[in-house]
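Peer 1: Numbering (numbering that gives the first Met the number 0), first residue to last: 0 to 248.
No residue lacks a Cβ here, since even glycine has one placed at the ideal position from N, Cα and C.
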Amino acid sequence: MTELELIIDLHKNSERQGPGSEKDTLRALDLLNLPTDQKLKVADMGCGSGGQTILLAKKLNAQIRAVDLFPEFLEELNEKAQKLGLGDKILTLEKSIDDLPFKNEELDLIWSEGAIYNIGFENGLKIWSDYLKMGGYLAVSEITWISHSRPKEIEQFWKTEYPEVDVASNKIKQLENNGFTLVGYFYLDQESWIETYYKPLQARFGTFLKRHNNSELARKVIEDYQAEIDLYHKFKDYYSYGFYLAKKN
Ligand code: SAM
Numbered sequence: 000m001t002e003l004e005l006i007i008d009l010h011k012n013s014e015r016q017g018p019g020s021e022k023d024t025l026r027a028l029d030l031l032n033l034p035t036d037q038k039l040k041v042a043d044m045g046c047g048s049g050g051q052t053i054l055l056a057k058k059l060n061a062q063i064r065a066v067d068l069f070p071e072f073l074e075e076l077n078e079k080a081q082k083l084g085l086g087d088k089i090l091t092l093e094k095s096i097d098d099l100p101f102k103n104e105e106l107d108l109i110w111s112e113g114a115i116y117n118i119g120f121e122n123g124l125k126i127w128s129d130y131l132k133m134g135g136y137l138a139v140s141e142i143t144w145i146s147h148s149r150p151k152e153i154e155q156f157w158k159t160e161y162p163e164v165d166v167a168s169n170k171i172k173q174l175e176n177n178g179f180t181l182v183g184y185f186y187l188d189q190e191s192w193i194e195t196y197y198k199p200l201q202a203r204f205g206t207f208l209k210r211h212n213n214s215e216l217a218r219k220v221i222e223d224y225q226a227e228i229d230l231y232h233k234f235k236d237y238y239s240y241g242f243y244l245a246k247k248n
């Protein structure tokens, strides 16, 4: 198995593939105050195994296209949706989120938790904006500095990992420069990193290593995630995912 295949395997059979929680998805939905009298066309970009997709399907009168690059996650989402009787509301799409078959102004809502960084925030805004109807909504979470200044170590780490990391005011400016009006913002609290992502992830380390016969590459994957978790614990006061709710104008 390649390193990428191992990373996918480590993230299978879990509620979330990144920081976030049911509470955050509901809070974001609340801020949008979407109409319920019409069927909404929605895309969930980088849905993973669909923790948030299932919740959106339960809460909205909507047809949801759930997009991810990896079929392993989409199969999991399809199974969950069938079991919950939501199969007719969720249609999965195995594509890259910067190469989609949507028509101009087709969608009422674009949702994306912890995934836009894969194609870059501003690039994502530009591409996705075309698919949204005028007055349509965007709900997107993105790595964000939550303090004005920060230690060099974490600054350098994120600048290398994701050069677009920035404070919310600059992300909001990017939204405005690309034709959006901000309708709400909050950032994920530490519980949404630790309780719903890192702790369940760490709980899978043992079975993951066993499944892969403690191979060198599997151990490297675990070491890398442990280093990410340690870094989070050390610097959690300086960054989080900002959740941006915006309207196309
Ligand atoms: N939204 C899910 C959640 O919050 O649990 C998953 C978030 S996870 C941090 C990022 C997701 O983006 C993964 O499911 C990954 O497979 C997907 N992904 C990465 N690059 C992608 C791309 N270019 N196109 C589509 N999906 C991508």
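Taking the C-alpha atoms as reference points, what is the distance between S48 and K79?
Peer 2: Going by the C-alpha atoms only, they are around 9 Å apart.
Peer 1: Whose CA, out of G45, L68, Q81 and P70, lies closest to the CA of K57?
Peer 2: When only C-alpha atoms are compared, the closest one is Q81.
Peer 1: Report the partner residues of F179 according to the DSSP bridge assignment.
Peer 2: DSSP lists K247 as partners of F179.
Peer 1: Taking 7 Å as the cut-off, is the C-beta of Q189 nearer than that to any heavy atom in the ligand SAM?
Peer 2: It does not: the Cβ of Q189 is nowhere closer than 7 Å to a heavy atom of the ligand SAM.
Peer 1: Per DSSP, what are the beta-bridge partners of S128 in this structure?
Peer 2: DSSP output for S128 lists no bridge partner at all.
Peer 1: Relative to the ligand SAM, is the shortest distance from any of its heavy atoms to the C-beta of V220 smaller than 7 Å?
Peer 2: Flag unset: Cβ of V220 not near the ligand SAM.
Peer 1: Under 8 Å, Cβ to Cβ, is there at least one residue of chain C near K172?
Peer 2: Note that chain C does not occur in the displayed structure, where there is just one protein chain.
Peer 1: Closest to G17 by CA distance: which of Y161, W127, G50 and K38 is it?
Peer 2: Considering only alpha carbons, the answer is G50.
Peer 1: Spatial neighbours of L248 within its chain, please: C-beta separation below 8 Å, excluding the five flanking residues on both sides.
Peer 2: Here residue 248 turns out to be Asn, not Leu, going by the sequence shown. M133, G134, G178, F179 and T180, listed in sequence order.
Peer 1: Once DSSP output is grouped into helix, strand and coil, what is the label at L68?
Peer 2: Residue state, collapsed to three classes: coil.
Peer 1: Assuming A42 is part of the beta strand (DSSP E), what are its boundary residues?
Peer 2: Start and end: L39 to M44.
Peer 1: On the DSSP bridge list, what partners appear for S239?
Peer 2: Note: S239 sits in a beta bridge opposite T143.
Peer 1: Check whether the segment 84-93 touches the segment 111-124, counting contact only when three or more Cβ pairs, one atom from each stretch, lie closer than 8 Å.
Peer 2: Counting Cβ pairs under 8 Å, fewer than three are found: no touch.
Peer 1: Kindly list the residues whose CB is nearer than 6 Å to the CB of F101, restricted to its own chain and excluding five residues on each side of it in sequence; keep chain order.
Peer 2: Excluding residues within five positions, the ones whose Cβ falls inside 6 Å are Y130.
Peer 1: Confirm the yes/no value for this check: CB of V41, any heavy atom of the ligand SAM, distance under 7 Å.
Peer 2: For the ligand SAM, not one heavy atom lies less than 7 Å from the Cβ of V41.
Peer 1: Could you give the residue range of the alpha helix (DSSP H) that holds S111?
Peer 2: It is not in any alpha helix (DSSP H) - S111 instead sits in the beta strand (DSSP E) that spans L106 to S111.
Peer 1: Comparing the CB of E4 with every heavy atom of the ligand SAM, is any distance shorter than 7 Å?
Peer 2: Not under cutoff, so the answer is no.
Peer 1: How many whole angstroms separate the CB atoms of L294 and L59, which I take to be in contact at a CB cut-off of 8 Å?
Peer 2: The structure shown has nothing for residue 294, since the chain only spans 0 to 248.
Peer 1: Y161 by DSSP, collapsed to three states: which one?
Peer 2: It is coil, neither helix nor strand.
Peer 1: Measuring only the C-alpha atoms, how far is I7 from E71?
Peer 2: The alpha-carbon atoms of I7 and E71 are separated by roughly 8 Å.
Peer 1: Quick one: does the C-beta of V66 sit closer than 7 Å to a heavy atom of the ligand SAM?
Peer 2: Result yes, Cβ under 7 Å from the ligand SAM.
Peer 1: Would the beta-carbon of G123 be found less than 7 Å away from any heavy atom of the ligand SAM?
Peer 2: No.
Peer 1: Given the structure, does A112 come close to the ligand SAM, in the sense that its CB is under 7 Å from one of the ligand's heavy atoms?
Peer 2: Reading the sequence as shown, one finds Glu at residue 112 and not Ala. Yes, the Cβ of E112 comes within 7 Å of a heavy atom of the ligand SAM.
Peer 1: How is T52 classed by DSSP in three states: helix, strand or coil?
Peer 2: Reduced to three states, the DSSP call for T52 is helix.
Peer 1: For M0, count neighbouring C-beta atoms within 10 Å of its own C-beta (all shown protein chains included) and say buried if the count is 16 or more, exposed if not.
Peer 2: Exposed: under 16 other Cβ atoms inside 10 Å.
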